[in-house]
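Residue numbers (the numbering used here): 2 to 870.
Using N, Cα and C, we set each Cβ at its ideal position, and we do this for glycine too.
The structure presented is a predicted model; accordingly, all values stated were derived computationally and were not measured.
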């Protein structure tokens, strides 16, 4: 028989805190309860102790919880779990343990936490007393897990581990294999004692006939505190203080007329749920009760909040529900619109009226309006105003009063004197873009995308308010630069066969000079400075040979890296020269797009010789439209590194006089509020630091214990919608005269959609890609796909053909006569004597030019003849 001493080391290596336990109880002293501890030293001592070395294995929860479902005999924990999942959303598949067989629903399921959270010992289930709830939440301070290779003391069966698919495991999983507990479950189970236990005056109202939902929640909190006491008493376990404090709380509740609980019932709760020991029996509990009654004499629990119906758990706007249209527009367009403050109440009334009239249930209608834009209270930070989904301009009581008013209006046809007339305001439809357009989402999805609270929307809003002139395509592109650099090391897109895909982006921006390309890149640079320590800056510039780029990426193995190059159209031709130091750059970039850098072997640099690397490379190229088109050929869209890029094309901005002069701040601007803080606000420092702090918190939320990128979770409906986007893009390619070039480019763009959706999720502190994330990414991809159509058309001819045409153009611009030396002096053709003469030969062969050598100097003339001597 395998025993504790034989497997304790294995469990410790896999992130668990093991301790010995005799049967299911008692465990070794000091390992359980709120003040328990399990260390490598204590494990070694127990393994060497004959009393404990051969016992069963217990596990103290660390940064995870176990949901322990009892479902046998009269216990129906699995049914109760299904009820909770219907309310809170399904639990993800995750490793589990049971001694009752692979098909038994009675088991402990394990879920990771991003931070320590104290929860109820038993989940609250409406209408079910805690003693009849057959689910326990295993936590560090509440109970523990008995696990493989332990033997169940009653059935004689072994405890076994199963993976997320229900397959038997030969050994324990690693705690990194546990899926994260969904946020809705965490909030529902969270134990927050700060809400309760407040002393107030005696209530003047009538004693309620039965306990309200708020009273039941208080009682459950008290029971959870009592149940958290260790099963085996030990000095310092907190028994005396915990029992006394809960007895005081029960006394104040029982004494207050605002609650249905009687003193006898309060005493009974204390006796029923407090663990007893041979040396601490019911008589000790009675002592604590009587002492608490004396101490709290004349004290009363504060009255509970009004017992209003609970809103539904919120997981984002429910796009799958058939809500009524508003003035011919999708309901979500009105729901997401934020009217002027004076119109918010009327707007909410209009939304409620439309929902209730369409037959939507009151709870659902109230939940939607509670989370609509007209219920938000904007907050001010850094001199700018922003929406905060947690800041409301109405209370929950006001919300239900508005629901009641809407019901009365629908029932009686009249509007109460103190209620606003329901008027719904709609935002103006988005302007139609010039040039080719691509549509990947419908109007309702577009409106839903506008409701997603993510960094990119806030960043663009801040830029519009901060800068006098904003070339929006540049700022739209650069918000993705920020997310790719910071979050690409934190997640991967899961694929079978260990072929997970990274989420980094390759970006190209084209625009005429002085249209703001460099200006738009300054805020991302400031954000990186605020987020990264100077020594950890991700920037490596763009002036690299193939060898230096590969070496740099190997040195930065596993780190975020930012390769950025201005005037890229002047550099790309050097990358194309065979056997030059730069000719390997495209190949290295192609490998880095997929995250893998092969090893290089050097005698001179032994630190990196023989090392391969994991790259998280974001590439950012900038150039002029003509310049980039001139250095690209049709073949670039079919293979190579350039078809991995997303493309942004700048607008031609209309500049004010202020912007022509540089847009500098005056001393009046800096002193507008009388102190130096305004200067910081005006320069954007406050927002850069704020975003850096937000990103740090999000990174902490999505980081895995091992430090490896999290495998993103893609729900089935998101995957199906992504597949539809792929089909749409391929249909566009099929119906284009450039199908052979667009097909591979759009296939890579399809993956980029999912990469961007993952970046939105990661920057929001999630490893699950939600539908809103995908729609945000798809909306941005519409612009990128349209730009690709423009660039493909601009590079219709081969690079060679275009260069021959450039020589002819230079000839014609000079009056039809030019010397060979003058052509060689053109920047485009400098140091390319053989290439230039070959291209001149093509012009002559096509009859478009002729060569005149009669003067002793080679002269190129327009037309297919030479001047007579």
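query                                                                                                                             : result
For residue 172, the three-state DSSP class (helix, strand or coil)                                                               : coil
Closest residue to residue 277 among 286, 295, 269 (Cα-Cα distance)                                                               : 286
Residue 487, DSSP secondary structure in three states                                                                             : helix
Pairwise C-alpha distance: residue 572 and residue 840                                                                            : 21 Å
The stretch 520-530 touching the stretch 731-751, judged by at least three CB pairs closer than 8 Å                               : no
Own chain residues within Cβ distance below 7 Å of residue 168, not counting five before or after                                 : none
For residue 7, the nearest candidate out of 47, 42, 771, 24 (CA to CA)                                                            : 47
Alpha-carbon spacing of residue 72 relative to residue 66, whole angstroms                                                        : 19 Å
Sheet register partners of residue 109 (DSSP bridge)                                                                              : 69, 98
Alpha-carbon to alpha-carbon, residue 350 and residue 195                                                                         : Only weak support exists for where residue 195 lies, its pLDDT of 41 falling under 50; the value from the coordinates is given anyway. The alpha-carbon atoms of residue 195 and residue 350 are separated by roughly 34 Å.
Residue 621 - DSSP class collapsed to helix/strand/coil                                                                           : strand
Presumed contact (8 Å Cβ cut-off) between residue 121 and residue 138, rounded CB distance                                        : 6 Å
Spatial neighbours of residue 560 in its chain, beta-carbon cut-off 8 Å, leaving aside the 5 residues before and after            : 490, 537, 539, 617
Any 3 or more C-beta pairs closer than 8 Å across the stretch 30-48 and the stretch 93-111                                        : no
Sequence-distant residues of its chain with Cβ nearer than 8 Å to residue 132 (five each side left out)                           : 273
Simplified DSSP state of residue 164, which is helix, strand or coil                                                              : coil
Nearest-angstrom beta carbon gap, residue 625 and residue 513 [assumed within contact, 8 Å]                                       : 6 Å
Residue 118 and residue 191 closer than 9 Å at C-beta                                                                             : yes
CA nearest to the CA of residue 295, picked from 722, 245, 149                                                                    : 245
Three CB pairs or more closer than 8 Å across the stretch 737-754 and the stretch 779-788                                         : yes
Paired residues, beta bridge with residue 140 - DSSP                                                                              : 143
Per-residue burial, residue 869 [other beta carbons within 10 Å of its own, 16 or more giving buried]                             : Since pLDDT at residue 869 reaches only 36, below the 50 mark, its modelled position is unreliable, and the value read off the structure follows with that caveat. Exposed is the call here.
Segment limits, beta strand (DSSP E) that includes residue 875                                                                    : Not covered by the structure: residue 875. The range shown for the chain is 2 to 870.
Chain-order list of residues whose beta-carbon lies under 6 Å from that of residue 148 (same chain, five-residue window excluded) : 58, 60, 98, 160
Buried or exposed (CB count within 10 angstroms, at least 16 for buried), residue 27                                              : exposed
Residues sharing a beta bridge with residue 273, DSSP                                                                             : The partner list for residue 273 (beta bridge, DSSP) is empty, contrary to what the question assumes.
Rounded distance between the beta-carbons of residue 96 and residue 164, thought under 8 Å                                        : 6 Å
Under the three-state DSSP convention, the category residue 806 falls into                                                        : helix
Own chain residues within Cβ distance below 7 Å of residue 427, not counting five before or after                                 : 327, 328, 330, 334, 335, 338
Beta-carbon gap between residue 739 and residue 635 smaller than 9 Å                                                              : yes
Own chain, CB closer than 6 Å to residue 199, minus 5 neighbours either side, in chain order                                      : With a pLDDT of 48 at residue 199, under the threshold of 50, the modelled position of that residue is not reliable, and no figure is offered here.
Burial state of residue 872, where buried means 16 or more other Cβ atoms lie within 10 Å                                         : No answer is possible for residue 872: it lies beyond the span of the chain, which begins at 2 and ends at 870.
Whole-number beta carbon distance between residue 377 and residue 366, since they are thought to touch under 8 Å                  : Not quite, the Cβ-Cβ distance comes to about 17 Å (not below 8 Å), so this is no contact.
Helix, strand or coil at residue 500 [DSSP, three-state]                                                                          : coil
Outcome for residue 788 when other beta-carbon atoms lying within 10 angstroms are tallied against a minimum of 16                : buried
Per DSSP, cross-strand counterpart(s) of residue 327                                                                              : 330
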